[in-house]
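In mature numbering (1 follows the signal peptide of the UniProt record, and there is no 0), the protein residues as written are -25 to -1, 1 to 906.
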């Protein structure tokens, strides 16, 4: 057998094996449990205790914007340093590190959008008392440090909102040299450890090195884990810490299940309703109660487990714990215990007090998603893989033939030459530029996949450059790390090296990637990173990155650094003219600044359809608003009902893409029976009608940091019955969406929440204008076309009713305003308009308008009076919903002084329609109703 055959036969077999793995459900044996993860079982506590840490008050150092204090471990006498500071806007920041470590510990960089804006602090107490208080100058928040045992209580006004280490579960393993005495037997193949309760084993057998399924982790720094608990005294529910395919409200884990795991992994056909790790990790958690919301951002990129104590769920389990905690009330608050493998304690406390304010505080730190191009929030068509140029052209033409709008065609890995990124397979795609331009001429775009694994091929420029320049991640011995992924033998660019990021970004420039254009979108997949033959299908923890950092320290940041480099490349590709579109599977805190995120390899299953809502809600409150799921499920073949119901959900989620595995049946809408196709078309057209609203919400997200897709508790925190609801959701504060989530469903129970005063908002069915005015559940009948969506009373929603083949062709089309009045007969709304592609809006080239309806008059004004954009769009229609009496006509007044009489008529749903006002959207105007 030839040498080449000896190399490629195992490669072929391995690739086939990986393809097979993608067709079967997840093998849990491939992934660790807490008991199989040495640091987790060492540091996990199931009961509160008296903290082993005390503050040495004589070490207090006070500075304008922070204080420093020494902490001491009461048993080892090892010293640590606490730095506590206040950040503008009701945020506290504290860090704890060893005072004199053997070597430097990793501190997360690149997650924050900018250096926090620290404020001056006022300090009270010290050596003479038992506490030290740090108050934020000019704010209502303060932190109270208890000296012995150590804890920090954080207040917003008079309310204690977060307590750090109040349960005494803080742990901090000091870096030390390995002793020469014989160690316990090395743990092998996921063997469960003995745990701290076995007294005769003084050191966990995996503390200094461990194996998992034949993979060895050398742990050159030994045990270096840390943990800290956070109580939320005002909260009834905890949520956040995506990404998990579980309920939005976090479940009690102690004594029942593993903690929630934050460790970016490529998980095939992930399971539902558990906290196992998935593709992303955002270590932010919130606690909400009727009177207050607060959050904790645990800034650590190492493998992390989060234990949840939820007394409301587990009163029997927690009853013994309640008795142990001094000063406890009859009802214990929920607690989150963060356990990380390495790094330092680096924590931001978000003091709220409302859910929206806590979300805003988090995005003040980590940033917001930049406004995408309009096409990116329209509908995307994808599968693994469209076969060739003809296939792409035919699919695009079929959307026109069947009158279904679509903005973007996608290409998966098969478009490349042998899985070598930045190349094309010229047998299947001989004229890529012509294919791209043909799409562009039809108003459409192309998105292509580019993954971080680099094929080890001597004829591949990228591999040769990375090898010659030392750009690859290294193994523990300092040699180039080699793993396996789609190309077979592969190595991985070290994106933690700024020089590597620039080199990678340079490849997107059109002088390098010549068979591309500035309009092409990029899909960064497999960037956990996925390594088919690695431990837990990822990279070895003792691999080495730029600066000598181990992979264990930075694992959850790898995908983030990948998309950061991609974003830089796309910005420079268009010389800063066009807003990039990037989709990423892996993500961390701050990834929203660069890319949209989807929920990975889901299944054609009703449970996964339901999970798409829960997962995107968790991502949204963690700053990642541009979220969606593969419509129809990546694996499997959906039947017609599931398929159209999934489209109906996807049409109301921020990222809207259909995608499927290579082994699934083709599932373009017209391949289903005619009745199914028409329902799918209707769902997509609903999305396009609401694109002005979506575009405005994305702009307002960039401006305010608030999530687009919101849980019910975001707007209605006083209604505790809404806390557990994750089958329906809000879009901003404007629409309530309660989709059909089960097979054969003919009725939907919709929950209308209570405001702070116990009353309900008014809600109007967007299809028939039926009004709902009571708190509680309403049962609605649904047919196959019905998506229960409700516009809140008091809100004005902009729409466009002329649906074209792509959103890019709707740019100058006229607007319709749907005015839904509240109980006082008043409504307000906003509309954002710009060129839909460039960054010129950041230079004032836009319109941000507010509409108000009051006392029978609808008026328009500029919110930002210095901004301007010469739109050709005009006002085509006004729909007035919920009026107490019928208008007979209307008079329009323009800023020029002109006035005109307008017709008003009643539609079938009882709304009143003002026909063709014709006012330019860039002018000020008013329309007065006549009764």
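Just so it is clear, CB atoms sit at the ideal spot from N, CA and C, and this is done for glycine as well.
Closest residue to residue i among the options (Cα-Cα distance)
| i | options | result |
| --- | --- | --- |
| residue 235 | 243, 258, 242, 241 | 258 |
| residue 848 | 336, 896, 216, 729 | 896 |
| residue 480 | 539, 804, 610 | 539 |
| residue 392 | 619, 385, 308, 405 | 405 |
| residue 606 | 708, 92, 624, 788 | 624 |
| residue 179 | 588, 218, 11 | 11 |
| residue 519 | 512, 527, 906 | 527 |
| residue 678 | 389, 336, 863, 23 | 336 |
Residue i, DSSP secondary structure in three states
| i | result |
| --- | --- |
| residue 695 | helix |
| residue 427 | coil |
| residue 783 | helix |
| residue 527 | helix |
| residue 619 | helix |
| residue 171 | With a pLDDT of 36 at residue 171, under the threshold of 50, the modelled position of this residue cannot be trusted; read the value that follows with caution. Coil. |
| residue 32 | strand |
| residue 896 | coil |
| residue 340 | helix |
| residue 658 | helix |
| residue 356 | strand |
| residue 770 | strand |
| residue 12 | coil |
| residue 876 | strand |
| residue 312 | strand |
| residue 466 | strand |
| residue 92 | coil |
| residue 206 | strand |
| residue 284 | strand |
| residue 436 | helix |
| residue 393 | coil |
| residue 704 | strand |
Residue i and residue j closer than 8 Å at C-beta
| i | j | result |
| --- | --- | --- |
| residue 665 | residue 767 | no |
| residue 344 | residue 268 | no |
| residue 110 | residue 97 | yes |
| residue 264 | residue 211 | yes |
| residue 441 | residue 429 | yes |
| residue 617 | residue 669 | no |
| residue 692 | residue 329 | yes |
| residue 66 | residue 325 | yes |
| residue 772 | residue 804 | yes |
| residue 622 | residue 586 | no |
| residue 501 | residue 241 | yes |
| residue 283 | residue 237 | no |
Per DSSP, cross-strand counterpart(s) of residue i
| i | result |
| --- | --- |
| residue 70 | 58, 321 |
| residue 966 | No answer is possible for residue 966: it lies beyond the span of the chain, which begins at -25 and ends at 906. |
| residue 709 | Paired residues: none, contrary to the question. |
| residue 826 | 804, 835 |
| residue 262 | 213, 269 |
| residue 852 | 791, 890 |
| residue 100 | 107 |
| residue 904 | 865 |
| residue 632 | 355, 605 |
| residue 567 | BP columns for residue 567 are empty, so no partner. |
| residue 145 | Residue 145 pairs with nothing; no bridge assigned. |
| residue 384 | 356, 421 |
| residue 455 | 449 |
Cutoff 8 Å: residue i Cβ touching any chain D Cβ
| i | result |
| --- | --- |
| residue 326 | Of the chains in the structure shown, none is chain D; there is only one protein chain. |
Decide if the region 222 to 231 is in contact with the region 490 to 499; the criterion is three or more beta carbon pairs, one per stretch, under 8 Å apart. Short answer: they don't touch.
At least three beta-carbon pairs within less than 8 Å, the region 677 to 691 to the region 583 to 602: Contact between the region 677 to 691 and the region 583 to 602 is present, because at least three Cβ pairs lie under 8 Å.
Per the contact definition of three or more C-beta pairs closer than 8 Å, is the region 449 to 460 in contact with the region 504 to 512? As far as the Cβ criterion goes, the region 504 to 512 touches the region 449 to 460, which means the pair count is three or higher.
Three-pair Cβ contact test at 8 Å for the region 606 to 615 versus the region 742 to 750: The region 606 to 615, when compared against the region 742 to 750, does not touch it at the 8 Å Cβ threshold.
Stretch-stretch touch, CB-based, cutoff 8 Å, three pairs: the region 809 to 822 with the region 872 to 882: With the rule of 3 Cβ pairs closer than 8 Å, the region 809 to 822 does not count as touching the region 872 to 882.
How do the region 180 to 199 and the region 572 to 581 stand: do at least 3 beta-carbon pairs fall below 8 Å, yes or no? Flag = no, the region 180 to 199 and the region 572 to 581 do not touch.
Kindly confirm or deny that the region 347 to 360 and the region 626 to 635 touch, where touching means at least three C-beta pairs closer than 8 Å. Yes, they touch.
Using 8 Å as the threshold, is the region 119 to 130 in touch with the region 26 to 46, meaning 3 or more CB pairs across them? Flag = yes, the region 119 to 130 and the region 26 to 46 touch.
Is there contact here, the region 639 to 658 with the region 780 to 795, by at least three beta-carbon pairs under 8 Å? Counting Cβ pairs under 8 Å, fewer than three are found: no touch.
Count the C-beta pairs between the region 712 to 721 and the region 374 to 386 that are closer than 8 Å, then say yes if the count reaches three, no if not. Not touching, per the Cβ criterion.
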